[in-house]
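Visitor: The structure that follows is given in the form of structure tokens.
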Amino acid sequence: MATIILNIKTEKLPERKLAYIANTGPYKGNTELFGKLFTKVAEWGKPKGLFNNPNTEAITVYHDDPEFVPEDQLTISVGFTVQEETDPDKEIQIMELPEGLYVVGSFEIFPTEYETAWNQTFEYIKSEKLKPSGMMYESYKNEPNTHPEGKHIVDICIAIEE
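Residue numbers (numbering that gives the first Met the number 0): 0 to 161.
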């Protein structure tokens, strides 16, 4: 397994609100699905001024462990962080990303390297004898089509017991 780690550390992350759309079913390697979901939330958020905030993050929350949940039942939530007072609608919901202690793995990877990045983050958790406590998500830091090599700059965030 190639080493692709930029940095892995433990840090306290603040509570944030996420405007999202959920999807249940296979997602691994399906960049078209992720693009479609992000576009749908972005189209909802643009007229609301969502992207006027420089702190807005694009995030995918992973609700299930693919080792134990069948691929057709895996659920993800894809969206953008929003201000506290943002209201949901029939298609776009709001969830809380809880404040807490997280292992944050920062990576600069090709789309095919996400699984390796996740595995390396979990190896760190295991080696440090930490216990995951539920919330797991990716926070995207760039537009891959603007990267000279087409790489994704991403933080993998896994909540741990304090």
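A virtual CB, placed ideally from N, CA and C, is assigned to each residue, including glycine. Remember, predicted model here, so these are calculated numbers, not experimental data.
Give every residue of the same chain whose Cβ lies closer than 8 Å to the Cβ of Gly133, excluding the five residues on either side of it in the sequence, and list them in chain order.
Guide: The answer, listed in chain order, is Ala158.
Visitor: Could you give the residue range of the alpha helix (DSSP H) that holds Lys16?
Guide: Run containing Lys16: none in the alpha helix (DSSP H); it sits in the beta strand (DSSP E), Arg15 to Thr23.
Visitor: How would you write the range of the alpha helix (DSSP H) that Tyr170 sits in, first residue to last?
Guide: The chain is shown from 0 up to 161; residue 170 falls before or after that span and cannot be answered.
Visitor: Please report the residue range of the alpha helix (DSSP H) in which Gly36 lies.
Guide: Looking at the sequence shown, residue 36 is not Gly but Leu. Start and end: Thr30 to Gly44.
Visitor: Would you mind working out which of Lys150, Asp154, Gly34 and Val40 sits nearest Gln92, comparing C-alpha positions?
Guide: If we check each option's Cα against that of Gln92, Val40 comes out closest.
Visitor: On the DSSP bridge assignment, give the partners of Val102 in chain order.
Guide: Partner(s): Thr9 and Ile157.
Visitor: Taking all protein chains shown into account, decide if Ser76 is buried (16 or more other Cβ within 10 angstroms of its Cβ) or exposed.
Guide: Ser76 is buried by the Cβ-count criterion.
Visitor: Alpha carbon to alpha carbon, how far is Asp154 from Pro131?
Guide: Cα to Cα, the separation comes out at about 16 Å.
Visitor: Quick check: what's the CA-CA separation for Glu112 versus Lys27?
Guide: Going from the Cα of Glu112 to the Cα of Lys27 covers about 11 Å.
Visitor: His146: buried (16+ other C-beta within 10 angstroms of its C-beta) or exposed?
Guide: The residue is exposed, with fewer than 16 neighbouring Cβ atoms inside 10 Å.
Visitor: Within its chain, find whatever has a CB closer than 8 Å to the CB of Asp63; leave out the 5 residues flanking it on each side and keep chain order.
Guide: Around Asp63: Gln72, Leu73 and Thr74.
Visitor: Is the beta carbon of Gly104 less than 8 Å from the beta carbon of Tyr123?
Guide: Yes, the pair counts as a contact, with Cβ atoms nearer than the cut-off.
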